[in-house]
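For the sequence shown, counting from 1, position 207 maps to 207 in full-length UniProt numbering; every step adds exactly one.
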Amino acid sequence: CELVEMAIPIESEPDIPERIMEYQRREFVLLSKIAQREREMRKHRQQANEAVASFEDTRKDSLQGAFVDPVVNVEIGMLRQRLKEKDQQIERLKEQSHNATFHPNSIQGQKLLRKCAHLLEENSELGRQLEEEWMQTLRIQMVVERKKRSQLQQRIVDFEQHADRIDGENEQMQKRIATLGQQLKDTRSEIDRMKRDIEDTRAGNKRRKDLEKEKKTDTVEKLSEEEAAKR
Numbered sequence: 001c002e003l004v005e006m007a008i009p010i011e012s013e014p015d016i017p018e019r020i021m022e023y024q025r026r027e028f029v030l031l032s033k034i035a036q037r038e039r040e041m042r043k044h045r046q047q048a049n050e051a052v053a054s055f056e057d058t059r060k061d062s063l064q065g066a067f068v069d070p071v072v073n074v075e076i077g078m079l080r081q082r083l084k085e086k087d088q089q090i091e092r093l094k095e096q097s098h099n100a101t102f103h104p105n106s107i108q109g110q111k112l113l114r115k116c117a118h119l120l121e122e123n124s125e126l127g128r129q130l131e132e133e134w135m136q137t138l139r140i141q142m143v144v145e146r147k148k149r150s151q152l153q154q155r156i157v158d159f160e161q162h163a164d165r166i167d168g169e170n171e172q173m174q175k176r177i178a179t180l181g182q183q184l185k186d187t188r189s190e191i192d193r194m195k196r197d198i199e200d201t202r203a204g205n206k207r208r209k210d211l212e213k214e215k216k217t218d219t220v221e222k223l224s225e226e227e228a229a230k231r
């Protein structure tokens, strides 16, 4: 039977980790039951001791070593029987727990160990592949980030050049505005001067006309006087 069992391929075995987990679960359940039974056994022992102590307190000298009350006798007998049954149940649970324990030296244990080693190797290979994929992803992300950084640096250079160009244009515009302001000031001064010249010219023409008019008046008066003298 052992040879036939060894000839069975590993792939035909059920899921080894699940079996191990099932054994561990069963062992945990058995240990829990054993702990519960031990607590119950201690409780029953305590009750039995209390009953015996109560019986010893109430016994009489003439009935030393015998039960006074038949009811107490029955209860103590029942408690002892239950205590015996609990002890037997605990032994059975311990035996089941021992049988469910994993034995690495058995054929089944060797198969489990080989399967676990194979699973560990597969996990290691998967971990290595995942690490390589993760590193490859990081490399790609690094290349992308470097490209973005280069593009951002180029944009910063372009912005700085554009800002320098705008500063130069603003400086030229300021100079142009200053030149136009000076030209406007000179033009206004020239206009004011021309206005004054026009006013002066108008004033001179009027004065000349007045003089001419005065001369004409004087001439007419003289002619009138001469004609009057001739008469």
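Using N, Cα and C, we set each Cβ at its ideal position, and we do this for glycine too.
What do you reckon, are the CB atoms on residue i and residue j nearer than 9 Å?
| i | j | result |
| --- | --- | --- |
| Leu-93 | Ile-20 | no |
| Glu-27 | Ile-90 | no |
On a Cα-Cα basis, can you pick out the residue from the options that is closest to residue i?
| i | options | result |
| --- | --- | --- |
| Lys-86 | Gln-161, Ala-117, Lys-222, Met-41 | Met-41 |
Among residues of its own chain, excluding the 5 on either side of residue i, which ones have a beta-carbon nearer than 6 Å to its beta-carbon?
| i | result |
| --- | --- |
| Leu-83 | His-44 |
| Lys-147 | none |
| Ala-48 | Leu-79 |
Can you list, in chain order, the residues of its chain whose CB lies under 8 Å from that of residue i, leaving out five sequence neighbours each side?
| i | result |
| --- | --- |
| Glu-22 | none |
For residue i, which residues of its own chain have a beta-carbon under 7 Å away from its beta-carbon, when the five flanking residues on both sides are left out?
| i | result |
| --- | --- |
| Gly-127 | none |
Say whether chain B places a C-beta atom closer than 9 Å to the C-beta of residue i.
| i | result |
| --- | --- |
| Arg-45 | Absent from the structure: chain B. Only one protein chain is present. |
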